[in-house]
Each structure stands twice: as C-alpha cells, then as structure tokens.
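One structure is given below, encoded as structure tokens.
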Amino acid sequence: MPGGVHTGDLTWYHGELTACGDTTTDSDFGVALGAALFDSLNTDGDSNDNAACFQKIMITANGKTAYGTVDDRCEGCAEWDIDVLPALFEEFAPLSAGRIHDVQWQFVAGN
0 MPGGVHTGDL TWYHGELTAC GDTTTDSDFG VALGAALFDS LNTDGDSNDN AACFQKIMIT
60 ANGKTAYGTV DDRCEGCAEW DIDVLPALFE EFAPLSAGRI HDVQWQFVAG N
C-alpha cells in the first residue's frame, strides 16, 4: 500500500455491491478509493483480489479521526480522494456538507 499520509477530498455514497465483492449498507464504515489508485493496486485484473480490498485506513478531518475499511472503487474521485458510506462521513460532518476538502488519510496496520 502507498505509505505516508495522503490528502484529498472526502465525499459520500450509498451502500451497494462493491468492487471488492461484498455488499455494504449505509451504516457500514466502507471506503472507496479513487479509481486511479485502486486500479494501480490491482495485479491480476480481478477487482475482488485487489491488494487494497479490506485494508484499514485512518481518516482525519475537521479535528476528528475515524477508521474505515477499503471495499470499493470511486470512478469520479481524484487519486487521493476517498468516498465513504454515510455513517463514516457523519463522523466528520452532516451529509448535507456533501464534500470535505483537505482530508488526510493513511493505510494502517491491523487488517
């Protein structure tokens, strides 16, 4: 996984069948990585086997920190942006905020 702290925007989406092959709901703490980053970590062409799938990340925004699990791919996200399920987004702001800029996140051990 790419080391260090990454900075991007945080947006939210509704739960669905994910690129990693699981099904999520709005109450999960799932994370979709930007398509360019997600695809760069795919070694065999099967997104269910992507190295990023089910990795834990730590997200910091608005003076708060929360943890999520990578399980999806965000087509409309820039490389370091992340798209999260509603429950995780609400750890940082109400859904009506829509987007939070300059969010920091990183992969963490303990998967």
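Going letter by letter, the sequence shown gives residues 0 to 110 in numbering that gives the first Met the number 0. Every residue gets a Cβ at the ideal spot worked out from N, C-alpha and C, and that includes glycine.
Through-space distance from residue j to residue i, alpha-carbon basis
i: E15; j: V4; result: 28 Å
i: D25; j: G7; result: 22 Å
i: A86; j: P93; result: 10 Å
i: A34; j: K55; result: 17 Å
i: D61; j: F53; result: The amino acid occupying residue 61 in the given sequence is Asn; Asp does not appear at that position. Approximately 25 Å between the Cα atoms of the pair.
i: P1; j: F106; result: 8 Å
i: H100; j: F91; result: 12 Å
i: N47; j: H13; result: 19 Å
i: E89; j: T17; result: 20 Å
i: E78; j: L32; result: 8 Å
Contact under 8 Å by Cβ, residue i with residue j
i: T10; j: R72; result: no
i: T68; j: Q103; result: no
i: L40; j: N49; result: yes
i: C129; j: D82; result: Because the chain spans 0 through 110 in this model, residue 129 falls outside it and cannot be assessed.
i: L84; j: G29; result: yes
Bounding residues of the alpha helix (DSSP H) (the contiguous stretch that carries residue i)
i: L87; result: P85 to F88
Neighbour-count burial assignment, residue i, 16 or more Cβ in a 10 Å radius
i: A108; result: exposed
i: T42; result: exposed
i: T64; result: exposed
i: T23; result: buried
Delimiting residues of the beta strand (DSSP E) encompassing residue i
i: A65; result: K63 to C73
Length at least 4, wholly inside the segment 6-55: the alpha helix (DSSP H) runs in chain order: 34-39
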